[in-house]
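Residue numbers (the numbering used here): 8 to 270.
For reference, the structure is listed below as structure tokens.
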Ligand SMILES: [Zn+2]
């Protein structure tokens with residue numbers, strides 16, 4: 008159920024092996040680092056100062072080495088998908104599905120040889136129930152995880168622990184946060200530059216093996232949503248993963264640029 012075909016399985020296994028090899032090197036490099044200046048807060052503002060932001064209190068540190076590509080797993084919940092992203096033995100869950108999705112997400116973790124105790128971060132792309140419905144359960148199972156969402160959506164998201172507001176310029180676990188408002192006001196996407204992977208929630212949809220815009224039936228502000236698509240089109244990545252529809256693997260950002268050109 009987690010993987011729909013052998014091509015994808017082979018891809019995932021290859022990606023996993025490559026990541027493991029580099030991840031082992033990464034752990035060594037961290038252990039050998041004695042320079043305290045190489046450590047920084049996990050959530051850092053590269054384009055805006057965050058010295059007054061509560062997100063600097065996150066206890067997790069960014070690796071002093073260049074990030075490796077994440078290994079990732081789609082948790083196909085039928086109507087919607089959640090994603091598990093992993094590197095260096097730690098996992099990030101992006102979106103949590105409707106209530107009751109915890110078991111499927113756990114299976115996604117196990118497929119990457121990880122468990123709840125390895126989940127350091129949970130990122131919710133936006134406030135809709137099919138993306139944040141299992142957040143309370145996930146946060147309780149991933150007892151050490153920090154949760155994140157866009158500031159404008161946080162008031163409408165239930166979580167047993169306070170969520171950290173993130174937006175442009177922030178990074179979590181070496182994943183860049185891209186503010187992609189429109190579908191909801193606080194919608195965010197997640198970009199792994201090292202791995203060429205974007206997880207875009209409902210800023211885009213997968214359709215017929217390609218890329219479609221935000222669903223107008225469920226989108227607050229289509230003009231703003233379209234601007235967010237143009238913003239995503241400025242990035243370069245091979246793979247895009249959606250809340251709804253199959254991921255596009257291979258030259259994904261070009262498809263988004265083509266879509267954006269027609270908006
Ligand atoms: Zn939505």
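Even glycine gets a Cβ: it sits at the ideal position worked out from N, Cα and C.
When the five nearest sequence neighbours on each side are left out, the beta carbons in the same chain lying within less than 7 Å of the beta carbon of residue 183 are those of 198 and 200, in order along the chain. Judged by DSSP in its simplified three-state form, residue 233 adopts helix. Judged by DSSP in its simplified three-state form, residue 154 adopts strand. Proximity to residue 220 across 196, 246, 98 and 190 peaks at 190, based on C-alpha coordinates. Residue 113 carries a helical assignment under DSSP once its states are collapsed to helix, strand and coil. Around the beta carbon of residue 249, a 10 Å sphere encloses 16 or more other beta carbons of the protein chains shown; the residue is thus reported as buried. For residue 145, the three-state secondary structure derived from DSSP is helix.
If the five residues before and after residue 125 are omitted, its C-beta is found closer than 8 Å to the C-beta atoms of 93, 96, 97, 98 and 116, all from its own chain and listed in chain order. For ligand 1, the residues with a Cβ under 7 Å from any of its heavy atoms are, in chain order, 133, 135, 137, 138, 190, 191, 208, 209, 225 and 250. The three-state reading of DSSP puts residue 136 in helix, counting H, G and I together. A Cβ-Cβ contact shorter than 8 Å links residue 90 with residue 206. Within the same chain, Cβ atoms closer than 7 Å to the Cβ of residue 168 are found at 146 and 154, the five residues on either side in sequence being excluded. With the rule of 3 Cβ pairs closer than 8 Å, the segment 75-85 does not count as touching the segment 148-166. Taking every protein chain shown into account, the CB of residue 180 has 16 or more other CB atoms within 10 angstroms, so this residue is buried. Counting every other CB atom within 10 Å of its CB across the protein chains shown gives residue 137 a total of 16 or more, marking it as buried.
Separation of residue 225 and residue 100 (C-alpha to C-alpha, rounded to the nearest whole angstrom) is 23 Å. The beta carbon of residue 240 is closer than 6 Å to those of 263, 264 and 267 in its chain, skipping five residues each way along the sequence. Within the same chain, 155 and 184 come within 6 Å of residue 173 by CB-CB distance, once the 5 residues on both sides are set aside. Per the DSSP secondary-structure output, residue 212 pairs in a beta bridge with 219.
Non-local C-beta neighbours of residue 212 in its own chain, meaning closer than 8 Å and more than five positions away in sequence, comprise 218, 219, 220, 221, 222, 249, 250, 251 and 252, ordered along the chain.
Check the Cα spacing between residue 121 and each of 149, 247 and 162: the tightest is with 149. Under the DSSP assignment, residue 204 falls outside any alpha helix (DSSP H), being part of the beta strand (DSSP E) whose first and last residues are 204-206.
Residue 199 has 204 as its beta-bridge partners, per DSSP.
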